[in-house]
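Reminder that position 236 of the sequence shown reads as 236 in my numbering, one-by-one numbering, no gaps.
Heads up, the beta-carbon is just placed ideally off N, CA and C, and yes, glycines get one too.
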Amino acid sequence: MFGSVLAQAAIAADWQREAGVSVGGYYSDNVCLANRDKESKWVTTARPDLTLRGQGARGNLSLRAAAEYNSLGNSSTRCFGGQPGLTNREAVVPSLRFVGDYEALRNWLTLEADAFAGRNAIDPFAPGGRDNVSGRENTNITYSYSVGAVIQRRLLRNTDLRLRYRYNEQFNAVDVFGDSAEDRVEFDLGTDPAASRLSAGVRARYSEVRYEGTEISPPFDNELASAEVWTALQLTRSWQVNGLVGEEWNEFTSALDDIDGSYWDVGIRWAPNDRIEVGVGTGERFFGSTPRLNLSYRHKRSELSATYTRTLTFPRNLRADDDGTFDPDDPFEPGPGELPGDPLPGGRPTFIGNTPILDERFTLRYRFVARRTTIVLSGSDSQQERTEDGGEARFSSTDLTLSRNLSRQLTANLRLGWYERDGEGGNIGQFGEDTRGWRARLGFSREVGVDTTFSLSYRFVSQESDFALNDYDENRITFTVRHGF
């Protein structure tokens, strides 16, 4: 049904499209990412990609899709892997982000859909699985889709009713993660903050996630439910004070003393113009304090965003990365690769398992665009705690990327990066072995014809771990030729 209404919307939509095919390969002096007995190898690659965006009076569609074939996936190369059931190597690695909506009944009913596909590491502390394709069999592919509907009506002059239902399914290439499905219902009734200085309302949420059984876990369900009252006071055009109080009722396996109860949140919002918005606040839930920060700044040449949250989530949401929140207008959204030859974007690192986790996350992204130079700084820090047994993990990374146009046809780029992954507590595989590493990349791209670009890059990665078999150094030379159409 959703496909047919999207087809109707396509007739009147304003479309933007970009597509291309890249072919090439790379040479690695340590394709198995091993600390000894290194094996060098040439690997060929091919990658079609498509970016599509449509905007119409009653519908919107955004799609970023790519798939990379590599000859290593089906080769006879055999590398050290993890425990049985925790190994997998893919010959084709997909990357998909899709969001679409269509107003089926004007001012009444909107249909929604989104989809995700991407790679993530099976063991978050072992090499491979989250970067360029390698021989280390540590790659899981996550596929996810959601469909739903939103009923929204203006009841009074400035009071809105919003009822939303979404169904989501997720599939994983590796059995240890299992497949799962979610039903989610959301209810909102309140006044419009833009229509008056004082606004208020009520909200309710219900989510049930059902997991299929795996080799290590029987089938089980998790339920999250909450109801709250919220209010916001617009002090001036720039300043707003907001707050809420609520109650939640949850059902999941946990070593915590409480898994539900009362909660609250208070905060302020400062938005002096369209370029600057800052929101800060704090609150309390059953697992402790819930501070939050959201900052965005955009100028002619600079763009900055920073977020900080402490919340309850599921590993399935992190494996699917954006969880249906892909924003095509966000300049920091990952595309088919920020630099030529970059790996396709995938999910975020998290625990092996499916029980809820507490995720305290900070992200910082900055981009500066000059006439011939672009600078991008990105960093993230995620401290996760598994509610089932108190296991802890921390995933941190920082990258600095510089690109400069040396001429109309020639571009140089440089990237320096660092990452660290620490863990405590029992889990499957080599969980708990802390790893640290840094990476450097230098590359050039040159236009060699109409819509055709040749790229050549050199990359070095060095990783150290408390588990000696996870130590490695790798030198890699990558070349690609991309033709757009």
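What is the DSSP secondary structure of residue i, reduced to helix, strand or coil?
i: Val-450; result: coil
i: Arg-482; result: strand
i: Val-176; result: helix
i: Ala-115; result: strand
i: Leu-344; result: coil
i: Pro-94; result: strand
i: Leu-318; result: helix
i: Ala-181; result: strand
i: Leu-354; result: Note on residue identity: the sequence assigns Asn, not Leu, to residue 354. Asn-354 falls in the coil class under three-state DSSP.
i: Asn-250; result: strand
i: Gln-468; result: Before going further, note that residue 468 is Ala rather than Gln in the sequence given. Correct three-state label for Ala-468: helix.
i: Thr-398; result: strand
i: Trp-239; result: strand
If we ignore side chains and look at the alpha-carbon of each, how far apart do residue i and residue j end up?
i: Asn-168; j: Thr-355; result: 17 Å
i: Phe-250; j: Ile-259; result: With the sequence shown as reference, residue 250 is identified as Asn, and Phe is not the correct amino acid for it. When rounded, the distance between both Cα atoms is 6 Å.
i: Leu-50; j: Ala-255; result: 45 Å
i: Leu-96; j: Val-147; result: 16 Å
i: Thr-311; j: Glu-424; result: 20 Å
i: Tyr-366; j: Thr-398; result: 12 Å
i: Gly-449; j: Phe-479; result: 17 Å
i: Tyr-522; j: Ala-440; result: Lying before the first or after the last residue shown, residue 522 is absent from the chain, which here runs from 1 to 485.
i: Arg-421; j: Asp-471; result: 13 Å
i: Gly-545; j: Arg-53; result: Since the first residue of the chain shown is 1 and the last is 485, residue 545 is not available in this structure.
i: Glu-186; j: Asp-160; result: 14 Å
i: His-483; j: Arg-210; result: 44 Å
i: Tyr-77; j: Thr-139; result: Looking at the sequence itself, residue 77 is Thr, so the reference to Tyr does not match. Roughly 15 Å between the two C-alpha positions.
i: Ser-28; j: Leu-414; result: 19 Å
i: Ile-477; j: Arg-237; result: 54 Å
i: Pro-514; j: Gly-201; result: There is no way to answer for residue 514, as the model of the chain reaches only from 1 to 485.
i: Tyr-69; j: Arg-285; result: 45 Å
i: Thr-231; j: Asp-192; result: 11 Å
i: Phe-454; j: Glu-392; result: 44 Å
i: Arg-203; j: Ala-67; result: 40 Å
i: Ala-271; j: Arg-301; result: 20 Å
i: Leu-233; j: Ser-305; result: 25 Å
Could you tell me whether any Cβ in chain D is nearer than 8 Å to the Cβ of residue i?
i: Glu-277; result: As a matter of chain content, chain D is missing from the structure shown, which is built from one protein chain.
Applying the criterion that 16 or more other CB atoms from any shown protein chain within 10 Å of the CB defines a buried residue, is residue i buried or exposed?
i: Ser-462; result: exposed
i: Asp-359; result: buried
i: Val-93; result: buried
i: Gln-16; result: exposed
i: Val-266; result: exposed
i: Asp-321; result: buried
i: Pro-218; result: exposed
i: Ala-91; result: exposed
i: Ser-403; result: buried
i: Gly-213; result: exposed
i: Phe-460; result: exposed
i: Glu-103; result: buried
i: Ser-40; result: exposed
i: Gly-288; result: exposed
i: Ile-216; result: exposed
i: Leu-72; result: buried
What whole-angstrom Cβ distance do residue i and residue j have, given they're in contact under 8 Å?
i: Asp-14; j: Gln-55; result: 5 Å
i: Ala-194; j: Asn-88; result: Their Cβ separation, rounded to whole angstroms, is 49 Å, which puts Ala-194 and Asn-88 out of contact at 8 Å.
i: Gly-190; j: Ser-199; result: 7 Å
Does the beta-carbon of residue i, which I'm using as the reference point, lie nearer than 7 Å to any heavy atom of the ligand COA?
i: Gln-16; result: Ligands are entirely absent from the displayed structure, and the ligand COA is therefore not among its contents.
Given 8 Å, three or more beta-carbon pairs between the region 371–386 and the region 337–353
yes
If you pair each beta-carbon of the region 60–68 with each one of the region 23–39, do three or more pairs fall below 8 Å?
no
Using 8 Å as the Cβ pair cut-off and three pairs as the minimum, do the region 152–167 and the region 98–112 touch?
yes
Determine contact between the region 364–378 and the region 238–249, defined as no fewer than three beta-carbon pairs at a distance below 8 Å.
no
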